[in-house]
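Participant: There's a structure below that I have some questions on.
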Amino acid sequence: MGPAEQVFPAGPPGRFPRLLARPGLGVNERYASLLQVQSLMPRQAPEKKFSNSTHPVTDRYRMGSVSKKPPLRNRLARLAAAAAVGLAAAVVAVGAGELVAAFTGPDSAPVIAVGSAAIDLTPTPLKEYAVRTFGTNDKPVLLAGIQLTMAGLAVLAGLLAVRRRGLGAAVFVLFGGLAVWAALSRPVAGPADALPALAAGAVGAAALVLLAALVGPPRAVAVPEDGPVSARTEPPSGGPPRRVLLAATGGTVLLGGLALAGGRRLSDSRYDVSAARDAVRLPAPAVPAPPLPAGVGPGTPGLPPFVTPNRDFYRVDTALTLPRIDPRRWTLRIHGLVDRPLLITYDELLRYPLEELDHTLSCVSNEVGGPYVGTTRWLGVALPALLRRAGVRAGADQLVGRSQDGMTIGTPLESVLDGRRALLAVAMNGEVLPVEHGFPCRTVVPGFYGYTSATKWLVDLDVTTFAAHDPYWVKRGWDRTGAVRTASRIDVPAPFARVAAGDVTVAGTAWATHRGIAAVELRVDGGPWTQARLATDAGPDLWRQWSLTWSGARPGTHRLEVRATDGTGAVQTEDRASPFPAGATGWHSTVVTVT
């Protein structure tokens, strides 16, 4: 072997060995050529070998020459998967609760039970704010708020479950426990009412645990420290394929949606009373109301009709689901401080002499100038006659009505028996009571706001004392009596309306139930009061409409105010008060622009 071969041992045939081994070059010249070639060759890091290793990607992870931190995109994807898992578990939980509630009663469904408890626990000022702000949409707003809260808790449960499944499941268990308490806290609840909440909590927790197991660990992205950014390699995640998670989550949502829809459909079918209500045949009244006199309404466009259609009659109550009572199974119990307790079926009630009563009913939550008032021709049985038959004992001073859903309403007993036309109503405006207005039976006592006189879905009358029992609203600070206060309202022109200069028609409505309206006055911009023209008086238990021609209205913005005088001569007070605790007071005003 020559000197050149010792310095440059033989290697695999290639371009550079042939170059260096050309004959005629000495050792030093060949060494210089080698340095020149090496400077042109790309450098490569030495590759470490590991025993029992066959995977090129995982070998590079073992070398420690790569970054293993999951990128932001993968971390966000995992958070989204966790949130989706929680929401899917919530959907199937609610569906399970609704399905079971189809057999135990719609008001035992978890969302409804929690909503009803929320209504009961809400402070009165906040409750009044909700009625004032949302009107008759207060219940949908409440339910939407509960559902949004549930969605937020479900997302939290999903985020917890992918780290520690027990913590995520605990969120569903706790909400199920809350729903159990809410369902059992109702005054008419039974043990079976807890079953929907128990089912919802158990199904939701189980679904969450199973789905969370499909959310694998975050995927790291391998970036060799000595390689370009484009050389990223995703190692295996160690979890199920993403399509398995998507399929399982979607299937859970679908299953929950089917259970929810099926439960509500089954509930509507099981508790539907429309056929039974349609089958009711009302006897002719033994004491019909006289026809309304001509001229009860001035006929001014924009004024509400004198008799309020059933579809437009206001509804303010605490029922998130309407009690649906089959009249064939309905009974009314009259008991308490009576000599002869009574139990009356619906057919028996219809066999009593029926009377008609024209009456204006208003809600204590009505603000000054508000819409929660309406007039109806009621048909029913005289309540005083039934109480005399039961034999009211001395010392009784309150009549407490209880509805199917547990609501209690107390009325001063002496007012029921003082000769006013108090009724157990079974119809309004010639139609069997609509379900939303109390079918099959409700109380009507003129002179009082609904919260002390109008028990809808009536099933029980307890003759008692004020000292022995505080009804639902009295417990929450409302006035014990609830007598209607004098009120008046400008209906025409509408607030902030633009009217032409000259003669302007102003019209509205006034009421002081059981006292009647003797006069209505209007003033403009704080000027002198002017007497309005009153429509024909139809009786002290009805509202009275009025109108006035505002002559010589000049261009500009003007404020109109109205006040009424009741049948006793008392003038409506100017002092402004909110509905709580005994009804709103103050003069209604509106602003118009004359052009």
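For the sequence shown, the positions run 509 to 1103 when my numbering is used. Cβ coordinates follow ideal geometry from the N, Cα and C atoms, glycine included. All values reported here derive from a predicted model rather than from experimental measurement.
Any chance the region 656-670 sits against the region 898-908, with 3 or more Cβ pairs inside 8 Å?
Facilitator: Contact fails: fewer than three Cβ-Cβ distances are below 8 Å.
Participant: Is it buried or exposed, V574, if we count other Cβ atoms within 10 angstroms and call 16 or more buried?
Facilitator: Residue confidence is low: V574 scores 48 on pLDDT, short of 50, so the model does not pin down where it sits. No coordinate-derived value is stated.
Participant: On a CA-only basis, which of L891, V752, L850, P1001 is nearest A812? Give me that one, please.
Facilitator: Going by the sequence as given, residue 812 is Pro instead of Ala. That would be P1001, whose Cα lies nearest to the Cα of P812.
Participant: For a test of the three-state rule: what should DSSP assign to S996, helix, strand or coil?
Facilitator: Here S996 sits in strand by DSSP.
Participant: State the Cα-Cα distance for the pair R837 and V795, rounded to the nearest angstrom.
Facilitator: Spanning the two alpha carbons is a distance of roughly 27 Å.
Participant: Among A975, G946, G927, which has the Cα closest to the Cα of G903?
Facilitator: Of A975, G946, G927, the residue nearest in Cα terms is A975.
Participant: Can you round the beta-carbon distance between T919 and F956 to whole angstroms, since I take them to be within the 8 Å contact cut?
Facilitator: About 6 Å separates the two Cβ atoms, so the contact holds.
Participant: Go ahead and label L607 buried or exposed: buried means 16 or more other beta carbons lie within 10 angstroms of its beta carbon, across all protein chains shown.
Facilitator: Counting Cβ neighbours within 10 Å, L607 comes out buried, since at least 16 surround it.
Participant: Out of T853, A797, R841, V717, state which residue places its alpha-carbon closest to the alpha-carbon of R910.
Facilitator: Minimum Cα distance to R910 is reached at R841.
Participant: Does P699 come out as helix, strand or coil in the three-state DSSP assignment?
Facilitator: Residue state, collapsed to three classes: helix.
Participant: Is the separation between the beta-carbon of P1048 and that of H1022 shorter than 7 Å?
Facilitator: Contact flag set, yes.
Participant: If you reduce the DSSP assignment to three classes, tell me which class R1084 lands in.
Facilitator: Residue state, collapsed to three classes: coil.
Participant: Pop quiz: T1098 and P1003 are said to be a contact at Cβ under 8 Å. What is the actual Cβ separation, rounded to whole angstroms?
Facilitator: Between P1003 and T1098 the Cβ distance is about 5 Å, and since that is below 8 Å, they are a contact.
Participant: I need the straight-line Cα distance from D1083 to H1096, nearest angstrom please.
Facilitator: Approximately 11 Å between the Cα atoms of the pair.
Participant: Report the residue from S775, G765, A1046, G1064 whose alpha carbon sits nearest the alpha carbon of D1103.
Facilitator: According to the sequence provided, residue 1103 is Thr. The question's Asp does not apply to it. Comparing Cα positions, the closest option is G1064.
Participant: Which partner residues of R1006 appear in the DSSP bridge assignment?
Facilitator: R1006 is bridged to T1101.
Participant: Mapping DSSP to helix, strand and coil, what is L607?
Facilitator: In the structure shown, L607 sits in a helix (DSSP, three-state: H, G or I).
Participant: Whole beta strand (DSSP E) runs in the region 780-853 with 3 or more residues, listed along the chain?
Facilitator: 839-844, 850-853, all fully within the region 780-853.
Participant: Closest to A1020 by C-alpha separation, out of R1041, W1037, A1072, D847, would be which residue?
Facilitator: Of the listed residues, the one whose Cα sits closest to A1020 is A1072.
Participant: Could you check which residue in A715, D866, R773 has the C-alpha nearest to that of A756?
Facilitator: Nearest of A715, D866, R773 to A756, Cα basis: A715.
Participant: Does the Cβ-Cβ distance between G878 and T816 come in under 7 Å?
Facilitator: Contact flag unset, no.
Participant: To the nearest angstrom, how far is the alpha carbon of R773 from that of L762?
Facilitator: The straight-line gap from Cα to Cα measures roughly 16 Å.
Participant: Pick out whichever of P791, Q912, V952 has its Cα sitting closest to the Cα of T868.
Facilitator: Closest option to T868, Cα to Cα, is V952.
Participant: Among the residues of its own chain, which have a CB less than 7 Å from the CB of T960, if the five just before and after it don't count?
Facilitator: Excluding residues within five positions, the ones whose Cβ falls inside 7 Å are I917, G918, T919, T989, G990.
Participant: Specify whether the region 944-951 and the region 816-828 touch according to this definition: at least 3 beta carbon pairs, one from each stretch, less than 8 Å apart.
Facilitator: With the cut-off at 8 Å, the region 944-951 and the region 816-828 touch.
Participant: Cβ atoms of L891 and L931: under 7 Å apart, would you say?
Facilitator: Closer than 7 Å, so yes.
Participant: Note the first and the last residue of the continuous beta strand (DSSP E) segment covering G1060.
Facilitator: It spans 1052-1061 - the beta strand (DSSP E) in which G1060 sits, taken as one unbroken run.
Participant: For the beta strand (DSSP E) containing D646, name the first residue and the last one.
Facilitator: Careful: D646 lies outside any beta strand (DSSP E), inside the alpha helix (DSSP H) at 646-669.
Participant: Thinking G680 and G643 are a contact (beta carbons under 8 Å), I'd like their distance in whole angstroms, please.
Facilitator: A quick correction: the sequence has Phe, not Gly, at residue 680. So it is not a contact: roughly 34 Å between Cβ atoms.
Participant: Indicate the three-state DSSP secondary structure (helix, strand or coil) for W986 in the structure shown.
Facilitator: Three-state result, W986: coil.
Participant: Pull up the distance between the alpha-carbon of G958 and that of K964, whole angstroms please.
Facilitator: Whole-angstrom Cα-Cα distance: 10 Å.
Participant: Which of the three DSSP states is assigned to P1001 in this structure?
Facilitator: Residue state, collapsed to three classes: coil.
Participant: Under a three-way DSSP split, which group does P704 fall into?
Facilitator: Three-state result, P704: helix.
Participant: Out of V723, A769, L768, which one is the CA nearest neighbour of R750?
Facilitator: Taking only the C-alpha atoms, the option nearest R750 is V723.
Participant: Based on the DSSP output, what are the partners of Q912 in its beta bridges?
Facilitator: In the DSSP output, where bridge partners are listed per residue, Q912 has none listed.
Participant: Smallest Cα separation from L865: which of N937, Y880, G759?
Facilitator: It is N937 whose Cα lies nearest to the Cα of L865.
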